[in-house]
Each structure stands twice: as structure tokens, then as C-alpha cells.
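Participant: Numbering (our numbering), first residue to last: 1 to 78.
No residue lacks a Cβ here, since even glycine has one placed at the ideal position from N, Cα and C.
Structure in C-alpha cells, see below.
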């Protein structure tokens, strides 16, 4: 499991989290969104979740509820 990343026990459906997509589908920008479902348990990079938008990635951080929508960290939604 990744150091200082949330575990499967720490996350649940509806939580707002920051995720990083795998390298193949990633522009390098973390996304913030609400969890639709937990997809995989503690992978080497962290627990894998699917966001409401359908994006799948590893949870980097649990975020305060920011009003939904998957947006790049530090960016604005479209």
C-alpha cells in the first residue's frame, strides 16, 4: 500500500476524493470527484475507485465535500 494514502477502509461511496489515473489514461493532472464505487482494494498506488463521471483512478487524498463534479486539482470545471 502507498504511504500516507487512504486505505479501502477510509473511503466509501459518495465521498469526495482526489484521484490519479493510471499512466495510460492520464494527462498527469489529479482529478477531484465523488466516488461511485470502490473498484479495487489497496493496490501499490492506493485504493482504486470509480468516480461519478466514470473516471477510474487511485485515491491520493480524501477531500472536503466541494460540491461535486470532477475537476482538475487547482483547475476549474468546464
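(1) I need the boundaries of the beta strand (DSSP E) containing residue 11, first residue and last residue.
(2) Rounded to the nearest angstrom, how far is the Cβ of residue 36 from that of residue 18, given a contact under 8 Å?
(3) Let me check understanding here. Comparing Cα to Cα, which of 55, 54, 40 lies closest to residue 6?
(4) With distances taken from CA atoms, which of 4, 46, 14, 45 is nearest residue 33?
(5) By DSSP, does residue 57 sit in helix, in strand, or in coil?
Facilitator: According to the structure data:
(1) Run containing residue 11: none; DSSP gives neither H nor E here.
(2) At roughly 15 Å, the Cβ-Cβ gap does not stay under 8 Å, so residue 36 and residue 18 are not in contact.
(3) Residue 6 has its Cα closest to that of 40, out of 55, 54, 40.
(4) 14
(5) strand
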